[in-house]
Each structure stands twice: as structure tokens, then as C-alpha cells.
Amino acid sequence: MNSPLVILHFHLQYRLWISELNALIDQIRVLNDYLRELREFTGHSIDAQELLERDFVVFRNHIDELRNEMHLDKMQLAALLNTKTQTLTWDTQRTKELHAQYEAVKKDFHTLKTGVEKLRPA
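4 is the number of the first residue of the sequence shown in the numbering used here; add one for each residue after it.
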């Protein structure tokens with residue numbers, strides 16, 4: 004059993020995580036634009052560019068799935084808060100699992116971004 008304050012905390016935490024995932028998606032768009040413009044400017048692409056572009060598609064899909072799961076939980080938390088009862092039940096293990104996935108996404112994004120930065124001309 005959880006207090007409404009704990010549920011409120013989880014709800015707001017999910018909102019923050021979703022917001023940060025949205026920001027990663029925006030950065031992926033910019034990095035994809037960079038790869039496309041680099042190919043147009045040079046007239047060719049290298050294997051690393053193509054690999055990164057494929058990785059970004061897979062990564063974006065993974066972020067979308069995670070974001071969707073978090074959004075569903077966030078909505079359930081909001082519904083719990085609207086019940087106005089003093090003790091509420093929430094599966095904190097699921098929140099921990101989603102948080103671990105979120106942290107892994109941030110780490111993987113950093114790796115992909117580093118790969119793009121290596122393509123920058125000296």
C-alpha cells in the first residue's frame with residue numbers, strides 16, 4: 004500500500020522520464036539530419052553512417068515502446084490519485100524495471116551520439 008504522496012511522486016517522475024525521452028527523440032532527429040546532410044555534402048556515405056542510421060531507427064522504436072509503457076503507467080497513476088483514498092496500491096517493481104530501461108536508453112544514446120561525433124571532420 005502506498006500513500007497518495009508516493010503515487011504523486013511516481014506520477015511526476017514518469018512525466019519527467021517521458022519528457023527526457025522526448026528530448027532524446029528530438030536529438031535523434033537532429034543527428035539523422037546531420038548524417039543525411041553529410042552524405043549530401045560529400046556525395047557518398049560510409050559504412051559507419053549507414054550503420055548509425057539503422058541503429059537510430061531501431062533505437063527510436065525502442066524509445067517509443069518505452070515511452071508508451073511509461074505513458075500508460077502515468078495515466079494509471081493519475082487515475083489512482085483521482086480515487087481520493089488514503090492508501091493506494093502500486094507495483095513499484097514495474098517502476099523500477101522501467102527506470103532501469105530508461106537509464107539503459109540514456110547510456111545507449113550516449114554511445115550512438117559518440118559514434119556520430121567520430122564522423123566529424125578534423
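Ideal Cβ placement from N, Cα and C applies to all residues, glycine included.
The structure displayed is predicted, hence computed values, not measured ones.
Residue i: first and last residue of the uninterrupted alpha helix (DSSP H) it sits in
i	result
residue 104	95-120
residue 22	7-45
Residues sharing a beta bridge with residue i, DSSP
i	result
residue 71	Residue 71 is not bridged to any residue.
residue 91	5
Whole-angstrom distance between residue j and residue i, CA atom to CA atom
i	j	result
residue 113	residue 38	16 Å
residue 86	residue 7	10 Å
residue 75	residue 44	42 Å
residue 21	residue 28	11 Å
residue 121	residue 93	44 Å
residue 69	residue 99	13 Å
For residue j and residue i, believed in contact at Cβ under 8 Å, the rounded distance
i	j	result
residue 41	residue 118	That pair is no contact at about 13 Å.
request  = Evaluate the contact criterion for the stretch 58-77 versus the stretch 101-110: three or more CB pairs, one atom per stretch, below 8 Å.
outcome  = yes
request  = Please determine if the stretch 8-20 and the stretch 51-59 are in contact, where contact requires at least 3 C-beta pairs separated by less than 8 Å.
outcome  = no
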